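Read through the structure below, which is laid out as structure tokens, and then see the notes.
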Amino acid sequence: TMTGAGSGGAGGGPSRFLGGPGGLGGVRGDLRSTPHGTTIQCGPHQYRLGLYGWRRRCLYGLVLVLLVMVILNLALTLFILRVLDVSTEGIGGLQIVRGGMIASGDVHVMDALVASRIVSRRRTPIRILAANNFSIAATDAHGRRTNTIFMNTEAMECTSNRLVIRDKAGRLLFSASREEVLVGAQHLTVTGEGGAVFSGSVQTSHVTAPISESLLLESMTRSLEVTAPQGVALESRAGNITASSLRDFTLQSTGGVIKFDTPNIFVRGLRTSTIRTTDPKEALPDVYQVCVCSSGRLFLASPGGVCAADNKFCK
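Yeah, the sequence shown ends on 315 if you go by my numbering, and it's all consecutive.
Here is the structure:
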């Protein structure tokens, strides 16, 4: 407990204090303030209060070091904010908005980019450029890749169980899978000089050539077969139809007839017989006569007979 002796405490005189529990053990002492510091006089002993000498210098040095570190940290923080162009809206060209980010200018991705949606600004195109290759992949719930698009300087590869291309209206244009390839366009045009090459069978309802171009169906080393369950029609609306063969040319109808509906039929190149007789007795048994009904039906007559038939036969 400190007690003042008159006004001596203000004039530099001693201030007495009484010790107590936890103090100086109940010893009376004087507290004096001098130009050199504050001292406590306890009996014959005198104690000096405050930091002096090397302790004070260490304290000032520590405070100075802390001040320098604070200034350096503040300057470095301001430099980083300046370089990154950090503002209240985002970092540089990145603007952080609700639900994502908006990037202004070019965005350089050093590693993988994971995003649920990438869109461009209105009326602004988006371009994706890669130095060597570029890939887009979709994963399932377990993180395994299911569909992948890979592009490099030489090729473009698409890995998927099924490839589907649709127009703006949602109509199917192209579909490819392991089982089939479907083309939903109105016309399939092949413009290559070599045409279209099929290693298997082709099933179609219409094959046509472009306007002012010819249509050629060709098998280079094997046979060409055109089959249909109901019928096969060959029609030339403004030209000829030519069929040529190196060996035999066969027209065969197993359950019907073969009809030639034309006013003129020419058969050229037939061999001429050298026999000069008209006697029916000398006619060969395997040489028949070709007869024609008024309906156009052809039939054979016996070598020595006459070309005659009834109406029922000529129907």
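In this text, a Cβ means the ideal position worked out from N, Cα and C, and glycines have one as well.
Bear in mind that the values here come from a model prediction, so they are computed numbers and not experimental data.
Contacts around V290, its chain only, beta-carbon distance under 7 angstroms, and the 5 residues preceding and following it disregarded: Excluding residues within five positions, the ones whose Cβ falls inside 7 angstroms are L298 and L300.
Other residues of its chain near N133: CB distance less than 8 angstroms, five sequence neighbours each side excluded: F150, M151, N152 and T153.
Close Cβ partners of S295 (< 6 angstroms) along its chain, the five nearest in sequence each way excluded: Same-chain partners within the cutoff: C314.
Through-space distance from N240 to F266, alpha-carbon basis: Roughly 15 angstroms separates the two Cα atoms.
8 angstroms Cβ cutoff met for D140 and T148: Between D140 and T148, the gap from beta carbon to beta carbon reaches 8 angstroms or more.
One or two residues paired with L246 in a DSSP bridge: Beta-bridge annotation (DSSP): L246 is not paired with any residue.
Delimiting residues of the beta strand (DSSP E) encompassing F150: In this chain, the beta strand (DSSP E) harbouring F150 covers R145 to N152.
Local conformation of A301 per DSSP, three classes: Reduced to three states, the DSSP call for A301 is strand.
Straight-line Cα distance separating Q95 from S193: The amino acid occupying residue 193 in the given sequence is Glu; Ser does not appear at that position. Approximately 53 angstroms, taken between the alpha carbons.
Proximity below 8 angstroms, CB of V287 to CB of P263: Contact flag unset, no.
Residue from L78, V65 and S104 with nearest C-alpha to R122: For R122, the closest of L78, V65 and S104 by C-alpha to C-alpha distance is S104.
Boundaries of the beta strand (DSSP E) in which M110 is found, first to last residue: Where M110 is concerned, there is no enclosing beta strand (DSSP E), given that its DSSP letter is neither H nor E.
Cβ-Cβ distance between S177 and R162 below 8 angstroms: Yes, the pair counts as a contact, with Cβ atoms nearer than the cut-off.
Assumed close pair L224, L215 - CB separation to whole angstroms, cut-off 8 angstroms: Not confirmed; about 13 angstroms, so no contact.
CA-to-CA distance, S205 to F174, given in whole angstroms: Their Cα atoms are separated by approximately 18 angstroms.
Whole-angstrom distance between C293 and N311, CA atom to CA atom: One C-alpha to the other measures close to 9 angstroms.
Under 8 angstroms between C-beta atoms of S120 and I126: Yes; because the gap between Cβ atoms is below 8 angstroms, this pair is in contact.
For G239, the residue or residues it bridges with in DSSP: DSSP lists no partner for G239.
Separation of T77 from I318, as counted between CA atoms: Missing from the structure shown is residue 318; the chain here goes from 1 to 315 and no further.
Secondary structure of L173, DSSP reduced to three states: If DSSP states are grouped into helix, strand and coil, L173 belongs with the strands.
Of the listed residues A155, M110, V202 and R222, nearest to A228 (C-alpha basis): Closest option to A228, Cα to Cα, is V202.
G100 versus D106: straight-line alpha-carbon distance, rounded: Each residue's CA atom was taken as its position, placing G100 and D106 some 17 angstroms apart.
3-residue-minimum beta strand (DSSP E) runs that sit fully inside the region 154–216, ordered along the chain: Runs found: 156–159, 162–166, 172–177 and 181–183.
Rounded C-alpha distance that separates T3 from L74: Confidence is the limiting factor: at T3 the pLDDT is only 45, short of 50, which leaves the residue's position unreliable, though a coordinate-based value still follows. Straight-line Cα distance between these residues: approximately 49 angstroms.
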